[in-house]
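Residue numbers (the numbering used here), protein chains in the order written: chain F, 269 to 647; chain H, 269 to 647.
2 protein chains.
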Amino acid sequence: MSSTLGRTSTAPKIERLRRLMEARGLDAVVVSSYQSVSYFGGTTVMTQVHLPDRLGFLVARRDGAATLLFCNIEISQVRTQTDIEDVREYVEFAQDPTVELARLLRELGLVGGSIGLDTRRLPAASLATLQSELAGLEVVPIDDEIELAQAIKEPAEIEALERAANVTLAALETGLKSLQPGCTERQASSAIYLNLMESGGMPLFMVFASGERTLQGHPESLAAPMPPGTIWRIDYGARFEGGINSDLARTGVVGEASPEQAATLAALRATQDAGFSAIEPGRPAKDVFFAVRDEFKRQGLPFSMPHIGHGMGIGLHEFPMLQPACDIRLEVGMVLNIEPMTLIAERSEGYHTEDLAAVTEDGARLLTPPQEGLLRIPA
Amino acid sequence: MSSTLGRTSTAPKIERLRRLMEARGLDAVVVSSYQSVSYFGGTTVMTQVHLPDRLGFLVARRDGAATLLFCNIEISQVRTQTDIEDVREYVEFAQDPTVELARLLRELGLVGGSIGLDTRRLPAASLATLQSELAGLEVVPIDDEIELAQAIKEPAEIEALERAANVTLAALETGLKSLQPGCTERQASSAIYLNLMESGGMPLFMVFASGERTLQGHPESLAAPMPPGTIWRIDYGARFEGGINSDLARTGVVGEASPEQAATLAALRATQDAGFSAIEPGRPAKDVFFAVRDEFKRQGLPFSMPHIGHGMGIGLHEFPMLQPACDIRLEVGMVLNIEPMTLIAERSEGYHTEDLAAVTEDGARLLTPPQEGLLRIPA
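#1: Would you verify that the beta carbon of Leu483 (chain H) is, or is not, closer than 8 Å to some beta carbon of chain F?
#2: Just the chain F side, please: which residues come within less than 8 Å of Val468 (chain H) by C-beta, in chain order?
#3: Beta carbons nearer than 8 Å to chain F: which residues of the segment 601–618 of chain H have them?
#4: Is there a C-beta anywhere in chain F that falls below 8 Å from the one on Pro588 (chain H)?
#5: Closer than 8 Å between beta carbons: that is the criterion. Which residues of the segment 310–321 of chain H meet it against chain F?
#6: Measuring only from the beta carbon, is Ser306 (chain H) closer than 7 Å to any heavy atom that is part of the ligand FMN?
#7: For Leu611 (chain F) and Ile341 (chain F), what's the separation of their Cα atoms in angstroms?
#8: Report the three-state DSSP secondary structure of Pro423 (chain F) (helix, strand or coil).
#9: Between Leu437 (chain H) and Thr636 (chain H), how many whole angstroms is the CB-CB distance? I'm expecting something under 8 Å.
#10: To which residues of the same chain is Ser616 (chain H) closer than 7 Å at the C-beta, ignoring the five residues directly before and after it?
#11: For a contact meaning CB atoms closer than 8 Å, what does Asp344 (chain H) contact in chain F?
#12: Can you pull the chain F residues whose beta carbon is under 7 Å from the beta carbon of Arg388 (chain H), in chain order?
#13: Whose Cβ in chain F lies nearer than 8 Å to the Cβ of Val359 (chain H)?
#14: By the DSSP assignment, the beta strand (DSSP E) with Glu357 (chain H) in it spans what residues?
#15: Using CA atoms only, rank isn't needed, just tell me which of F:Leu464, F:Gly583, F:Leu642 is closest to Ala417 (chain F).
#16: Since Thr276 (chain H) and Gly310 (chain H) are thought to touch, with beta carbons under 8 Å apart, how far apart are those beta carbons, to the nearest angstrom?
#17: Exposed or buried, what is Arg537 (chain H) when buried is set at 16 or more other beta-carbons lying within 10 Å of its beta-carbon?
#18: Can you look up Met580 (chain H) in the DSSP assignment and give me helix, strand or coil?
#19: Does the CB of Ser458 (chain H) have a neighbour CB from chain F at under 8 Å?
#20: If distances are taken between C-alpha atoms only, which option among F:Glu509, F:Phe557, F:Thr452, F:Val560 comes closest to Ala647 (chain F)?
#21: Shortest alpha-carbon distance to Gln591 (chain H) belongs to which of H:Gly450, H:Thr350, H:Gln349, H:Ala559?
#22: Can you give me the C-alpha to C-alpha distance between Thr621 (chain F) and Glu430 (chain F), rounded to a whole angstrom?
#23: Please list, in chain order, the residues of the segment 328–353 of chain H that have any C-beta partner in chain F closer than 8 Å.
#24: When the Cβ atoms of the segment 394–413 of chain F are set against those of the segment 562–576 of chain F, are three or more pairs found closer than 8 Å?
#25: Kindly indicate which three-state DSSP category Met573 (chain H) falls into: helix, strand or coil?
#26: Take Leu643 (chain F) and list the residues in its own chain whose beta-carbon comes closer than 8 Å to its own, dropping the five residues that flank it on each side.
#27: Among the residues of its own chain, which have a CB less than 6 Å from the CB of Met314 (chain H), if the five just before and after it don't count?
#28: Check each residue of the segment 408–423 of chain F: if its Cβ is closer than 9 Å to any Cβ of chain H, include it; give the result in chain order.
#29: Ignore the nearest five residues each way along the sequence and tell me which others in Tyr302 (chain F)'s own chain have a CB closer than 6 Å to its CB.
#30: Hey, could you find the ends of the beta strand (DSSP E) Ala328 (chain H) is sitting in?
#31: Can you pull the chain F residues whose beta carbon is under 9 Å from the beta carbon of Met494 (chain H), in chain order?
#32: Determine the direct distance from the alpha carbon of Pro608 (chain F) to that of Gly523 (chain F), and round the result to whole angstroms.
#33: Evaluate Leu337 (chain H) with the Cβ neighbour count: other Cβ atoms within 10 Å of its Cβ, from every protein chain shown; 16 or more gives buried, anything less gives exposed.
#34: I want to see whether chain H comes within less than 8 Å of Met465 (chain F), judged by CB atoms only; does it?
#35: When you compare only the Cα positions, how much space is there between Ala296 (chain F) and Met602 (chain H)?
#36: Taking Cβ to Cβ, would you say Ile547 (chain F) is nearer than 8 Å to Ala625 (chain F)?
What follows is the structure, encoded as C-alpha cells:
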C-alpha cells in the first residue's frame with residue numbers, strides 16, 4: 269500500500285493481455301472493474317468499489333504499452349503504487365470519465381480499432397457513451413478471457429495468498445482465546461476483526477452468526493448472547509497489501525459439542541477432503557463440484573450449493589468457479605477455495621468450512637490447515 | 269439486520285418510484301445497484317457489492333406492486349429483512365440472473381413496455397442480454413431520477429443517519445483515549461474500528477495516514493510510527509442497521525500542535541462553516557460548493573476539490589453532490605456531508621474535516637459537532 273513497500277511489476281500481467289489481443293485480433297483491451305484494474309494496473313483504488321461513479325480504467329495496447337486513467341483525487345496514490353508511467357487524470361464532475369476515456373483512445377490512435385472490454389463490469393451507460401463518442405469503434409466482450417488471464421498465479425502471488433489466509437486464521441484463533449463466557453456475537457466478531465486489522469488486514473466482509481441465523485446466506489453479528497450448545501459460524505475476509513484477499517470459513521460451538529454436532533462437522537470435512545482429492549491439473553473445474561456433491565450424498569448431508577468453491581486473488585470469486593457447468597481445466601498455479609456448507613433445517617444449524625489450496629503437478633497443496641473439529645467459544 | 273429488529277416499510281419508497289413512472293410515462297422501473305435495491309427493496313445484501321456477478325433486482329410497477337429477484341443463497345436473509353412479499357430466486361450458474369429478470373418481466377406482462385433502468389449501475393452485458401431476450405422492450409435511462417427519489421429523507425432516516433454519525437464519532441474519541449505514546453498508524457486505526465464494531469458498525473472504509481501520506485487521496489494505515497508533531501487524518505465510515513452509512517473525517521496531531529498547524533485547521537473549519545451557512549432550501553447545491561471555495565480563497569488555503577460534500581444515506585455519495593455543476597435545489601429533508609480538505613504540499617500535510625447536516629426550513633441543522641481544534645494522539 270506504500271511506496272516504501274515496493275511495487276509489483278505489471279509487465280508480466282500486461283503481457284497476458286497482449287497475448288489475448290493477439291489471439292483475438294484486438295488492438296487494445298480496456299478494463300474497468302476494481303479487480304482487473306488492480307490486477308493488471310498494480311494499484312488498488314478502493315473508491316472503485318465504494319464510489320461506483322468514479323470510474324477508473326486501464327488501457328493496454330497490442331505493443332505492450334499501458335495507460336491508466338483515474339479521477340484526479342486518486343492520482344497521487346496511484347503513482348506511489350503502479351509502475352505504469354502513463355497515468356492520466358480526469359476532474360470529477362467537470363469531466364465525464366468515459367468521455368475522457370474516448371479522448372484517450374482517440375489520442376492513442378485506437379479509433380476505428382477493435383477493443384476488448386469487460387462488459388460484465390462496465391456500466392451500460394458508460395458503454396453507450398463510448399459508442400456515441402467513437403462511432404467506428406468495434407467493441408468485443410472478453411469477460412471470460414480477462415478472468416482467465418488472472419487465474420494462474422505466480423509463485424509470489426501464491427505466497428501472498430497463503431500468508432493472507434494464515435494471518436486471517438491466526439486472527440480467529442487469537443480472537444477466540446480472548447473471549448469470555450457469555451460473550452455476544454458482536455463481541456466475538458469484533459475481537460477477531462481487531463486481531464486481523466492489527467495484523468495488516470483491512471476489513472472486507474464478516475459473516476458471523478449463531479443459532480437459527482446460521483441458516484441464512486450472509487448473516488452479520490448482533491449484540492445477541494450465544495447460549496451454551498449453540499452452533500456459530502464465521503465466513504470472513506480481509507484485504508492485504510497489493511489487494512490480495514483472504515476468504516475463510518469455520519464453524520464452532522458454544523461450550524461442548526454434542527455427538528451429533530461433532531458428527532455433522534466431521535461429515536462436512538469429508539466433503540471438503542473429497543474436493544481437495546479431486547483437484548488435479550487437466551481435470552475440468554466442475555469435477556471438483558461433483559466430487560463434493562457426491563460426498564454430501566454419501567454422508568447424508570443436505571446439499572443446496574450452486575458452487576462449492578472458487579478461484580481466489582484480488583477478486584473474491586475468481587475463475588475457475590467450482591460449479592457444475594464450469595469446463596475450465598485446472599492448471600498448475602491456480603489457487604482455489606473449497607467451501608462446503610450444509611444447512612440442517614430441523615436443528616436450525618448451518619455448518620460451513622472453507623480452506624485454500626494451490627493446484628500443483630501432484631494435485632492440491634493445502635495452503636491452510638482445515639479445521640479438525642468444531643471450534644469453541646467458552647460457555 | 270435481523271427479523272427481531274423489525275422491518276422498514278417499503279411502501280412509501282415504492283410510491284416514489286410510482287410517481288416517477290407516472291411523470292415519465294413508464295410501465296415499470298428496474299433497479300440493480302446495491303444502493304437502490306437496498307433503499308427501495310428494504311434489504312441489504314452485501315454480496316451485491318462483493319460479488320458483482322451475483323446480480324439482484326427490484327422491479328416496481330405502475331400499480332405500486334414490487335418484486336425482488338435474488339440469488340437463491342441470499343433468499344432466506346432477504347425474507348427476514350424486506351416486507352415485499354413477492355421474492356423470486358435464481359440458481360447461480362444454472363441460471364443467468366438477467367435471463368431470469370427477462371422471464372420475470374415477461375410474466376408480469378411488461379414485454380413491449382417502457383422500463384426505466386439505472387444504466388450507470390447495470391452492467392453493459394446485462395443490458396445487452398435484456399434487450400436480446402425482450403426485443404420489444406423500450407429502455408429509458410433514469411439514473412438521476414432514481415438518485416433524486418432517495419435524496420429527501422424521512423424523519424426516521426434522518427435520526428438513523430444522525431445516530432450512525434455520532435456513534436462513529438464516539439468510536440474515534442474512545443479509540444484515541446486508549447492509545448499509548450508511540451503507537452503506530454495501524455494501532456490507532458484498529459482501536460477506532462474496534463470501538464465502532466462494538467457499537468454496531470460494520471467496517472466500510474478506513475482512510476488513516478500520517479505525515480506525507482496525508483497528501484494522498486485515500487491512504488490506509490501502515491504499521492508505521494508517528495513522530496511527535498506529525499499531522500494525521502482519518503476519513504472513515506461504517507454500515508449500520510438498515511444499510512445506513514456514516515462518513516466522517518477529522519484531522520489531528522501527535523503531541524502538541526504548532527501555531528501554524530492550529531491556524532490551518534481553524535482556516536479549514538471556517539471554510540466548512542461557510543458551507544453550512546450556504547445551506548438553505550431553494551438554493552442550488554452548487555452554491556454550497558462556491559461558498560466553500562470562496563472561503564478557501566479568503567483564508568489563503570490551497571483548493572483542489574472537485575466537490576466539497578455530498579448527500580448521505582445508503583450510498584456514500586448520494587444526490588445532491590455539492591459540486592460546481594449541480595443545479596439541484598436544496599430541499600428540506602436532504603442530509604449533506606460538508607468535507608473540506610486542503611493539501612499543504614510544502615509542509616507535506618493534508619487536512620480534512622467532515623460533518624453531517626440536515627436541510628431544514630431555517631437552513632442547516634448540524635447532526636454532528638464539528639471539530640474545534642486538532643485532535644490529539646499522545647506523543
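Ideal Cβ positions, reconstructed from N, Cα and C, are used throughout, including at glycine. Note that the structure is a prediction, hence the values are computed from the model and not measured.
In brief:
#1: The residue given as residue 483 (chain H) occupies position 215 in the second sequence. Closer than 8 Å to some Cβ of chain F, the Cβ of Leu483 (chain H) qualifies, so yes.
#2: As a first step, residue 468 (chain H) is located in the second sequence; it is residue number 200 there, counting from the start. The question names Val, yet the displayed sequence has Gly at residue 468 (chain H). Ordered by position in chain F, the residues that pass the 8 Å Cβ test against Gly468 (chain H) are Arg454, Ala491.
#3: Taking 8 Å as the Cβ-Cβ cut-off, the segment 601–618 of chain H has no residue approaching chain F.
#4: Your numbering for residue 588 (chain H) matches position 320 in the second sequence. Not closer than 8 Å to any Cβ of chain F, the Cβ of Pro588 (chain H) fails to qualify, so no.
#5: Here the close residues are Val313, Met314, Thr315, Val317, His318, Leu319, Pro320, Asp321.
#6: Here there are no bound small molecules, and the ligand FMN is not part of this structure.
#7: Locating residue 611 (chain F) in the first sequence gives position 343, counting from the first residue. Locating residue 341 (chain F) in the first sequence gives position 73, counting from the first residue. Answer to the nearest angstrom: the Cα atoms are 46 Å apart.
#8: Within the first sequence, the letter at position 155 stands for residue 423 (chain F). For Pro423 (chain F), the three-state secondary structure derived from DSSP is helix.
#9: The residue labelled residue 437 (chain H) in the question sits at position 169 within the second sequence. The residue labelled residue 636 (chain H) in the question sits at position 368 within the second sequence. Correct: roughly 6 Å between the Cβ atoms.
#10: As a working mapping, residue 616 (chain H) is identified with position 348 in the second sequence. Closer than 7 Å at Cβ, skipping near neighbours: Gly479, Glu480, Leu483.
#11: Working through the second sequence from its first residue, we reach residue 344 (chain H) at position 76. The amino acid occupying residue 344 (chain H) in the given sequence is Ser; Asp does not appear at that position. Taking a Cβ-Cβ threshold of 8 Å, the residues of chain F close to Ser344 (chain H) are Leu483, Gln484, Gly485, in chain order.
#12: For the purposes of this step, residue 388 (chain H) is identified with residue 120 of the second sequence, where counting begins at 1. Neighbours of Arg388 (chain H) on chain F, chain order: Asp321, Pro391, Ala393.
#13: Looking up residue 359 (chain H) in the second sequence gives position 91. Here the neighbours are Pro574.
#14: Counting from 1 along the second sequence, the entry for residue 357 (chain H) is found at position 89. Following the DSSP letters along the chain, one finds Glu357 (chain H) inside the beta strand (DSSP E) bounded by residues 355–358.
#15: Numbered from 1 along the first sequence, position 149 holds the residue referred to as residue 417 (chain F). Taking only the C-alpha atoms, the option nearest Ala417 (chain F) is F:Gly583.
#16: Working through the second sequence from its first residue, we reach residue 276 (chain H) at position 8. Working through the second sequence from its first residue, we reach residue 310 (chain H) at position 42. Confirmed, about 5 Å.
#17: Along the second sequence, one-based indexing puts residue 537 (chain H) at 269. Taking all protein chains shown into account, Arg537 (chain H) has 16 or more neighbouring C-beta atoms within 10 Å of its C-beta and is therefore buried.
#18: As a working mapping, residue 580 (chain H) is identified with position 312 in the second sequence. It is coil, neither helix nor strand.
#19: For the purposes of this step, residue 458 (chain H) is taken as the residue at position 190 of the second sequence. Contacts with chain F at 8 Å (Cβ-Cβ) include Ser458 (chain H).
#20: Counting from one through the first sequence, the residue named residue 647 (chain F) turns up at place 379. Ranked by Cα distance from Ala647 (chain F), the options F:Glu509, F:Phe557, F:Thr452, F:Val560 are led by F:Thr452.
#21: The sequence position of residue 591 (chain H) within the second sequence is 323, counting from 1. Comparing Cα-Cα distances from Gln591 (chain H) to each of H:Gly450, H:Thr350, H:Gln349, H:Ala559, the minimum goes to H:Ala559.
#22: Against the first sequence, residue 621 (chain F) aligns to sequence position 353. Against the first sequence, residue 430 (chain F) aligns to sequence position 162. Inter-residue distance for Thr621 (chain F) and Glu430 (chain F) is about 17 Å (C-alpha atoms, whole angstroms).
#23: Contact annotation: in the segment 328–353 of chain H, residues whose CB is within less than 8 Å of a CB in chain F are Cys339, Asn340, Ile341, Glu342, Ile343, Ser344, Gln345, Thr348.
#24: Segments in contact, no.
#25: One-based indexing of the second sequence puts residue 573 (chain H) at position 305. Taken through DSSP and simplified to helix, strand or coil, Met573 (chain H) comes out as coil.
#26: In the first sequence, the residue the question calls residue 643 (chain F) occupies position 375. Cβ neighbours of Leu643 (chain F) beyond the five flanking positions: Leu440, Leu444, Arg518, Thr519, Gly520, Val521.
#27: Numbered from its first residue, the second sequence carries residue 314 (chain H) at position 46. Short of 6 Å from the beta carbon of Met314 (chain H), and not among the five residues preceding or following it, lies no beta carbon of its own chain.
#28: Cβ proximity to chain H below 9 Å picks out Pro409, Asp411 from the segment 408–423 of chain F.
#29: Reading the first sequence from its first residue, position 34 is the one you call residue 302 (chain F). Gln316, Val317.
#30: As a first step, residue 328 (chain H) must be located in the second sequence, where it is residue number 60. Here the beta strand (DSSP E) through Ala328 (chain H) covers 325–329.
#31: Within the second sequence, numbered from 1, the residue matching residue 494 (chain H) stands at position 226. Residues of chain F whose Cβ lies closer than 9 Å to the Cβ of Met494 (chain H) do not exist, since the nearest Cβ in that chain is about 14 Å away.
#32: Residue numbering aside, residue 523 (chain F) sits at position 255 when the first sequence is read from its first letter. Residue numbering aside, residue 608 (chain F) sits at position 340 when the first sequence is read from its first letter. Spanning the two alpha carbons is a distance of roughly 24 Å.
#33: Against the second sequence, residue 337 (chain H) aligns to sequence position 69. Label assigned to Leu337 (chain H): buried.
#34: What you label residue 465 (chain F) is simply residue 197 of the first sequence in a count that begins at 1. So, interface residue.
#35: Walking along the first sequence from the start, residue 296 (chain F) turns up at place 28. Walking along the second sequence from the start, residue 602 (chain H) turns up at place 334. Distance between the alpha carbons of Ala296 (chain F) and Met602 (chain H): 44 Å.
#36: The residue given as residue 547 (chain F) occupies position 279 in the first sequence. The residue given as residue 625 (chain F) occupies position 357 in the first sequence. Yes.
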